[in-house]
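Worksheet: one structure, shown below.
Numbering (the UniProt record's numbering), first residue to last: 1 to 172.
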């Protein structure tokens, strides 16, 4: 008799706390401000994967999770290419994809990645707290995650979140 009201009260409290967040639609990130998780990648044919050591050496870089089967990844791709043309280092992680499809995607749309590897079974993605693709992380020169952005990068996102995070990672 007492259990149903207790369960209701607990759920009501959880919902109330959730609604008090600054942005109730934002997905929380457990790794922002912390060292980036380990990099464990499988090479894609003809591509050089990035290493854990490269991720932690100086300079700002982005880590972008993507897949050929992901429609929003196609939407964000021109923005990644623009960042690469500006000199931003972008490391790609091809997520749960067929290697031939991934390489075809890059051949069709261009390859903005400084280095790229595959996460065929999603193990690395679990360590990074990936919610889905596309997802992009801004990493500072010490290998710390400055920003985790879930979803496709659009022009608005570039201006409001990605570029400010890059400046913050540069110490600006």
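C-beta atoms are modelled at their ideal positions from N, C-alpha and C, and glycine is treated no differently.
The model shown is predicted, which means the values in this text are computed figures rather than measured ones.
I'd like to check one pair, residue 32 with residue 148: are the Cβ atoms closer than 7 angstroms? Locating residue 148 in the chain shown gives position 148, where the first residue counts as 1. Locating residue 32 in the chain shown gives position 32, where the first residue counts as 1. A contact, by the Cβ cut-off of 7 angstroms.
Output the distance between the C-alpha atoms of residue 42 and residue 139, rounded to the nearest integer angstrom. Against the chain shown, residue 42 aligns to sequence position 42. Against the chain shown, residue 139 aligns to sequence position 139. Distance between the alpha carbons of residue 42 and residue 139: 21 angstroms.
On a Cα-Cα basis, can you pick out the residue from 98, 106, 108 and 62 that is closest to residue 119? Within the chain shown, numbered from 1, the residue matching residue 119 stands at position 119. The residue with the shortest Cα to Cα distance from residue 119 is 98.
Beta-carbon separation of residue 166 and residue 79 under 7 angstroms? In the chain shown, the residue the question calls residue 166 occupies position 166. In the chain shown, the residue the question calls residue 79 occupies position 79. Contact flag unset, no.
Quick check: the Cα distance between residue 56 and residue 137, rounded to an integer number of angstroms? Here the question's residue 56 lines up with position 56 in the chain shown. Here the question's residue 137 lines up with position 137 in the chain shown. Going by the C-alpha atoms only, they are around 13 angstroms apart.
Distance, residue 162 Cα to residue 155 Cα: If you number the chain shown from 1, residue 155 lands on position 155. If you number the chain shown from 1, residue 162 lands on position 162. Cα to Cα, residue 155 sits roughly 10 angstroms from residue 162.
Assuming residue 91 contacts residue 133 (C-beta within less than 8 angstroms), just tell me the rounded distance between them. Position 91 of the chain shown, counted from the first residue, corresponds to residue 91. Position 133 of the chain shown, counted from the first residue, corresponds to residue 133. So it is not a contact: roughly 14 angstroms between Cβ atoms.
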